[in-house]
Structure formats: C-alpha cells, structure tokens
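In the numbering used here, the protein residues as written are 145 to 359. All residues carry an ideal CB built from backbone N, CA and C; glycine is no exception. Worksheet: one structure, shown below.
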Amino acid sequence: WAYKVLFLDVLFPMDVPKVLFIDADQVVRADVRELWDTDLKGNVYGWVPMGDTNPDTEGFRFWKQGYWKNHLGDLKYHIAALYVVDLVEFRRQSIGDSLRGIYNQLSRDPNSLSNLEQDLVNFAQHNVPIFSLPDEWLWCETWCSQEAKPKAKTIDLCQNPLTKEPKIVMAKRIISEWQTYHDDVQHFLDEVSANQTAVAGPPGQRQGLAGRAEL
Numbered sequence: 145w146a147y148k149v150l151f152l153d154v155l156f157p158m159d160v161p162k163v164l165f166i167d168a169d170q171v172v173r174a175d176v177r178e179l180w181d182t183d184l185k186g187n188v189y190g191w192v193p194m195g196d197t198n199p200d201t202e203g204f205r206f207w208k209q210g211y212w213k214n215h216l217g218d219l220k221y222h223i224a225a226l227y228v229v230d231l232v233e234f235r236r237q238s239i240g241d242s243l244r245g246i247y248n249q250l251s252r253d254p255n256s257l258s259n260l261e262q263d264l265v266n267f268a269q270h271n272v273p274i275f276s277l278p279d280e281w282l283w284c285e286t287w288c289s290q291e292a293k294p295k296a297k298t299i300d301l302c303q304n305p306l307t308k309e310p311k312i313v314m315a316k317r318i319i320s321e322w323q324t325y326h327d328d329v330q331h332f333l334d335e336v337s338a339n340q341t342a343v344a345g346p347p348g349q350r351q352g353l354a355g356r357a358e359l
C-alpha cells in the first residue's frame with residue numbers, strides 16, 4: 145500500500161492538481177466533485193476521522209489507548225479508505241521526502257506500520273497535519289452508529305472484529321443498492337465475454353486459424 149502515500153509526488157504528471165482515493169469496497173452515494181472541491185485550508189490531505197459512535201466496538205478502538213493515545217494526544221486518528229490529496233502542496237512542501245524519511249525510521253521496527261499507509265500518515269500528523277473531512281464522507285457499520293447512516297456519502301465495508309462477516313454478505317445486508325450494482329457489472333462482463341467469443345470464432349475455427357498461422 146506504500147504507493148498510496150509515499151510516491152504521490154512522482155506517480156502523477158505535474159499538471160494533475162489533486163487526487164482522490166476511494167477503496168474498492170465502498171459504495172458512493174454522493175457527487176465526489178464536492179470532495180474534490182473541498183477547501184483543505186492549506187493542508188496536503190483531507191481524511192475522515194475513524195468512526196467513534198458505535199459503542200459495540202469501543203474495545204477495539206486501538207487509537208484511543210496505549211501507544212497511539214500517547215502519540216496523538218488531542219489529534220484524531222483517520223481512516224485511509226477515502227481521502228483527497230492536494231498534489232500542488234504535496235510537492236511544494238516536499239511531503240514525499242518527509243514521509244519516506246519517516247517510513248525509513250519506523251520500518252526498522254517490525255511491529256510498526258501494521259497498516260502502512262494509514263499508520264504512517266497518522267503518525268506524521270505532528271509534521272504533516274491532516275484536514276479532517278466531515279464524518280458523513282465515510283460510514284462503516286463497524287465504527288459508526290446506525291443513526292448516522294442516512295447521511296452517509298459513502299459506505300465502506302470495513303471488517304467487523306466482532307462478527308468477521310464476509311464483505312459480500314455484509315454488502316447485501318447493509319447496502320440496498322448493492323445487488324443492482326452487482327447485476328449491472330455481471331451483465332457487462334457477460335457482454336464482454338460474448339463479444340470476445342464472437343470475434344475469435346468457434347473453438348474449432350480458432351484452432352484451424354492457429355494452425356495456418358504456424359504454417
């Protein structure tokens with residue numbers, strides 16, 4: 145996952161001003177143009193703080209205890225499933241160099257950076273502040289209350305440490321539009337497969353063509 149944070153200054157052309165990252169296991173319910181247009185107040189990043197409204201998983205909020213509590217102090221721990229990056233500021237402030245230096249130090253300890261991109265950026269907040277996006281930009285059942293779900297702009301299928309429910313099962317249960325999206329994608333894949341078969345021809349014909357090609 146290092147590419148998501150460590151090499152943004154070299155991955156994209158210089159004329160790309162921003163990037164949005166959205167995990168593949170999320171359903172978006174809002175116009176992400178709003179996220180793109182968010183004023184980051186001079187910060188490089190805009191991330192959503194980890195949810196703090198589901199009491200059932202309070203004991204699993206590692207960032208509120210031990211090492212992370214001491215390191216962060218009054219700062220929030222943010223989730224890496226969705227964020228916006230101002231590449232102009234990222235390059236201007238040489239954030240890539242800063243993060244790579246911090247990574248080089250922390251990676252010497254095998255117990256560090258268990259969730260690389262998320263832990264690294266949160267650890268570096270004292271040097272590279274994070275702009276906290278509104279909570280509704282990322283709702284997940286594990287950390288967030290049911291009362292907050294109707295306002296959610298994205299729904300993330302983060303694993304629940306209590307139930308360990310498979311993501312597809314979870315998606316069908318908590319995302320009403322999931323089956324429609326799944327069926328649309330499957331229909332598209334079936335069409336692509338059918339078109340490829342039609343272009344290639346029947347199996348016997350393909351074998352004959354291959355034989356003539358060899359001659």
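Could you spell out the range, first to last residue, of the beta strand (DSSP E) harbouring residue i?
i, result
"Tyr189", "Tyr189 to Pro193"
"Met222", "The residue you asked about is not Met; residue 222 is His in the sequence shown. Unbroken beta strand (DSSP E) run through His222: His222 to Asp230."
"Asp300", "Thr298 to Asp300"
"Lys162", "Lys162 to Ile166"
Using the Cα positions of residue i and residue j, report the straight-line distance between them to the nearest angstrom.
i, j, result
"Tyr211", "Ala342", "59 Å"
"Gln340", "Ile166", "30 Å"
"Phe151", "Val265", "13 Å"
"Leu353", "Ser337", "In this prediction, Leu353 has a pLDDT of 46, which is less than 50 and means its spatial position is unreliable; what the coordinates show is noted afterwards. Their Cα atoms are separated by approximately 20 Å."
"Glu309", "Asp300", "14 Å"
"Ala315", "Cys302", "10 Å"
"Val163", "Gly217", "29 Å"
"Ala225", "Trp283", "10 Å"
"Val149", "Gln269", "13 Å"
Is residue i near residue j, with beta carbons less than 8 Å apart?
i, j, result
"Val272", "Ser238", "no"
"Asp153", "Phe234", "yes"
"Thr201", "Leu306", "yes"
"Gly195", "Phe275", "no"
"Ile312", "Val171", "no"
Which first and last residues belong to the alpha helix (DSSP H) in which residue i is found?
i, result
"Leu152", "Leu152 to Leu155"
"Phe267", "Leu260 to Phe267"
"Val329", "Trp322 to Ala344"
"Gln249", "Ile239 to Leu250"
With a cut-off of 8 Å on the beta carbons, I'd call residue i and residue j a contact; round off their distance for me.
i, j, result
"Trp281", "Asn198", "In fact, because the Cβ distance is near 17 Å, the residues do not count as touching under 8 Å."
"Thr298", "Arg205", "With a Cβ gap of about 21 Å, Thr298 and Arg205 do not count as contacting."
"His215", "Phe267", "7 Å"
Given 8 Å, three or more beta-carbon pairs between the segment 224–234 and the segment 326–337: No, the segment 224–234 does not touch the segment 326–337.
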